[in-house]
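**Q**
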Amino acid sequence: MNPRRKPKSEPVFAKNRLYYGDCLTVMRDFMKLGSVDLIYLDPPFNSNRSYNAIYKDETGRPLPDQLDAFCDLWELTPERNEALRRMPVLMREQGIDDQVVEFWRLWMNALRGTQPRLLAYMSYMVERLLYMKTILKPTGSLYLHCDPTASHYIKVMMDAIFGHQNFRNEIIWSYRRWPSPGRKYQTMHDVILFYAMGEHNTFHVGYEPVSESYAKRFKGKTQILDPETKTRKLTKDEPTKGLPQRDVWELSILAGSSRERLGYATQKPLTLLERIIQTSSNPGDVIFDPFCGCGTTLEAAHTLNRRWIGIDIAIHAVKRVARRRLEERCGLLEHRDFVIDGVPKTLEGAKDLWERDKYHFQKWAVEEIDGYVTVRRSADGGIDGRLYFVVTHERELQNMVIEVKGGKHVSLEQIRALRGVLDRDDAIMAGLIVMEEPNPTQLRNFRREFSSAGSLEVLGKAYPKMQMLTVTEILKGKRFLTPTVSGRKAAQPTLFG
Numbered sequence: 373m374n375p376r377r378k379p380k381s382e383p384v385f386a387k388n389r390l391y392y393g394d395c396l397t398v399m400r401d402f403m404k405l406g407s408v409d410l411i412y413l414d415p416p417f418n419s420n421r422s423y424n425a426i427y428k429d430e431t432g433r434p435l436p437d438q439l440d441a442f443c444d445l446w447e448l449t450p451e452r453n454e455a456l457r458r459m460p461v462l463m464r465e466q467g468i469d470d471q472v473v474e475f476w477r478l479w480m481n482a483l484r485g486t487q488p489r490l491l492a493y494m495s496y497m498v499e500r501l502l503y504m505k506t507i508l509k510p511t512g513s514l515y516l517h518c519d520p521t522a523s524h525y526i527k528v529m530m531d532a533i534f535g536h537q538n539f540r541n542e543i544i545w546s547y548r549r550w551p552s553p554g555r556k557y558q559t560m561h562d563v564i565l566f567y568a569m570g571e572h573n574t575f576h577v578g579y580e581p582v583s584e585s586y587a588k589r590f591k592g593k594t595q596i597l598d599p600e601t602k603t604r605k606l607t608k609d610e611p612t613k614g615l616p617q618r619d620v621w622e623l624s625i626l627a628g629s630s631r632e633r634l635g636y637a638t639q640k641p642l643t644l645l646e647r648i649i650q651t652s653s654n655p656g657d658v659i660f661d662p663f664c665g666c667g668t669t670l671e672a673a674h675t676l677n678r679r680w681i682g683i684d685i686a687i688h689a690v691k692r693v694a695r696r697r698l699e700e701r702c703g704l705l706e707h708r709d710f711v712i713d714g715v716p717k718t719l720e721g722a723k724d725l726w727e728r729d730k731y732h733f734q735k736w737a738v739e740e741i742d743g744y745v746t747v748r749r750s751a752d753g754g755i756d757g758r759l760y761f762v763v764t765h766e767r768e769l770q771n772m773v774i775e776v777k778g779g780k781h782v783s784l785e786q787i788r789a790l791r792g793v794l795d796r797d798d799a800i801m802a803g804l805i806v807m808e809e810p811n812p813t814q815l816r817n818f819r820r821e822f823s824s825a826g827s828l829e830v831l832g833k834a835y836p837k838m839q840m841l842t843v844t845e846i847l848k849g850k851r852f853l854t855p856t857v858s859g860r861k862a863a864q865p866t867l868f869g
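Here the working numbering is used: the first residue of the sequence shown is 373, the next is one more, and so on.
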């Protein structure tokens, strides 16, 4: 477990905050206990769906299938297995009853042999839900958006974490879309699980319209009695504003042409988030979305005069939310109205990220230069990402393999290994990111090895096939010299340009 950081001088919620990072790390290191009024989360489902559309929008062409951001592919990696091993201790630390912990252990052992992918997903979610419980206020609520592939499994664990007595509703969001005929009923609803932290959770009753015949039937009556129980239902004024809202919400999904759309296949409409926020929070409250994606929750919170915190693990999503959602749609300005946290701005910040989370440092470095983290490994297993670009007359996007070295020492053998990857991989270029510039002797040796790889000729311009960038250069805006990347007109020369 990473050590907690020292508190910053500025209060955590002095400004709206958009974090780049894993929500688990952010909650553990930065968020105070009992500081959030409402959590809405729309986590990646256990459904193997790829969200490639977001990349097509960024590059103009679809990217290969090996990308990991926005792809909910779940495997029992060494990291997941280690999290599973620690889970019983974490659960006890968070006050979960020993009998529930034992149930979890037995259940997880059963899933390991029958549904390992579901086990990976469940452990990922439970680990984060435990921390979400600690940051909610006693009057707070949580809404978890899920689909039928995992909702019943998640509910069992949410009952254990939040308490079955604090379960309020299984909300059905019903919608219509273009049908897909098959040997089953049309799937046209999502499930939202609503939990409170106790008996005094914030809740403002919403109303839905009644039919004209219903209103006429009870016009002028002082009260309405249920014919079976003879209990009071409504006063004479209440039918005029509608009936208390049901747990089935009939709200339209976003049309393909909607101005709200930001390119996410699973983007939720503002009306859905506005209903949740209006019901379970007050103006000025703190709304938290740990998987904020395209930022719908943040816009709804802003519109309703709430403060907000959003987290996303992909820097492409953070940049898009800041630009298209917060600045263009909401008219908010960074630093004045919100801050972006978790993105290194200095070499010291990058080193700090490396010390705290080496994988996330590598991910940041790849995404900062407009690359994409990869799942599919090369034969050498040392590739951290790929940079995609357009080459004239080539139908598919071409790519540069990216390797990130955050440590102080980079050897000539590692440079030669990267050269070997370039010779065997389908990439046509290779890029190396290092924390700091090598010493003069290393630099000369590296230059020789890089130069031996030759150049890529495109429209009369030569691009070195092997290049290197330091973190300092990246922070100053330098990028690998390649043909057009993600709409960039040109890249700046690098150390070996």
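For glycine and all other residues, C-beta sits at the position ideal for the given N, C-alpha and C. Because the structure is a prediction, the values reported are computed rather than measured.
In whole angstroms, what is the alpha-carbon distance linking Arg820 and Arg549?
**A** For Arg820 and Arg549, the distance between alpha carbons rounds to 59 Å.
**Q** What residue range does the alpha helix (DSSP H) around Asn453 cover?
**A** Asn453 -> alpha helix (DSSP H) spans Pro450 to Glu465.
**Q** Cutting at 6 Å between CB atoms, please list the residues of its own chain near Asn420, excluding the five before and the five after it.
**A** Here Asn420 scores only 43 on pLDDT, less than 50, and its place in the model should not be relied on; the value that follows carries that caveat. Closer than 6 Å at the Cβ level, and outside the excluded window around Asn420, lies no residue.
**Q** Are Thr842 and Val793 closer than 7 Å when you measure CB to CB?
**A** Cβ distance not < 7 Å, so Thr842 and Val793 don't count as in contact.
**Q** Report whether the distance from the Cβ of Val806 to the nearest heavy atom of the ligand NAD is below 6 Å.
**A** By its list of ligands, the structure shown contains no ligand whatsoever, and the ligand NAD lies outside what it can speak to.
**Q** Flag Val715 as yes if its beta-carbon sits less than 7 Å from any beta-carbon of chain D, otherwise no.
**A** Any reference to chain D falls outside this structure, which holds one protein chain only.
**Q** Identify every residue that forms a DSSP beta bridge with Lys691.
**A** Paired residue(s): none; Lys691 is not in a bridge.
**Q** Since Trp545 and Leu623 are thought to touch, with beta carbons under 8 Å apart, how far apart are those beta carbons, to the nearest angstrom?
**A** 6 Å between Cβ atoms; contact.
**Q** My parser needs the alpha helix (DSSP H) runs of 4 or more residues fully inside the region 660-690; what are they?
**A** Listed in chain order, they are 668-675.
**Q** Taking 7 Å as the cut-off, decide whether the C-beta atoms of Ala532 and Val461 are in contact.
**A** Contact flag unset, no.
**Q** Could you have a look at Trp545 and say whether DSSP puts it in helix, strand or coil?
**A** Looking at Trp545 - three-state DSSP - the assignment turns out to be strand.
**Q** In whole angstroms, what is the alpha-carbon distance linking Arg389 and Glu727?
**A** So the alpha carbons of these two residues sit roughly 23 Å apart.
**Q** Please work out which residues of its chain come closer than 7 Å, Cβ to Cβ, to Thr651, disregarding the five sequence neighbours upstream and downstream, and give them in chain order.
**A** Answer for Thr651: Phe575, His576 and Gly578, listed in chain order.
**Q** I need the straight-line Cα distance from Leu439 to Phe663, nearest angstrom please.
**A** Its pLDDT being 47, under 50, Leu439 is placed unreliably by the model, and the measurement read from it follows with that caveat. Near 18 Å, if we compare the C-alpha coordinates of Phe663 and Leu439.
**Q** Tell me, please, whether the region 502-512 touches the region 535-542 by the rule of three or more beta-carbon pairs shorter than 8 Å.
**A** Not touching, per the Cβ criterion.
**Q** Could you tell me the distance, in whole angstroms, from the CA atom of Asp657 to the CA atom of Phe417?
**A** Those two C-alpha atoms are separated by around 28 Å.
**Q** Note down the Cα distance separating Leu355 from Asp798, rounded to an integer number of angstroms.
**A** An answer regarding residue 355 cannot be provided, because it is not within the stretch 373 to 869 covered by the chain.
**Q** I'd like to know if the region 479-489 and the region 553-568 are in contact, where contact means that at least 3 CB-CB pairs between them fall below 8 Å.
**A** No, because fewer than three Cβ pairs between the region 479-489 and the region 553-568 fall closer than 8 Å, the two stretches do not touch.
**Q** What are the boundary residues of the alpha helix (DSSP H) that includes His524?
**A** Residues Ser523 to Phe534.
**Q** How far does the beta strand (DSSP E) with Arg758 in it extend, from its first residue to its last?
**A** Counting along the chain, the beta strand (DSSP E) containing Arg758 begins and ends at Gly757 to Phe761.
**Q** For Glu699 and Gln814, I'd like the C-alpha separation in whole angstroms.
**A** One C-alpha to the other measures close to 44 Å.
**Q** Report the residue from Ala802, Lys850 and Phe818 whose alpha carbon sits nearest the alpha carbon of Pro836.
**A** Minimum Cα distance to Pro836 is reached at Ala802.
**Q** I believe Leu615 touches Glu580 by the beta-carbon criterion, under 8 Å. Please report the beta-carbon distance rounded to the nearest angstrom.
**A** Yes, they are in contact, since the Cβ atoms of Leu615 and Glu580 sit about 6 Å apart, within 8 Å.
**Q** Have a look at Val498 and Ala689 and give me their C-alpha separation to the nearest angstrom.
**A** Their backbone Cα atoms lie some 24 Å apart in a straight line.
**Q** According to DSSP, is Val498 part of a helix, a strand, or is it coil?
**A** Three-state DSSP puts Val498 in a helix.
**Q** Have a look at Lys735 and Ile846 and give me their C-alpha separation to the nearest angstrom.
**A** When rounded, the distance between both Cα atoms is 14 Å.
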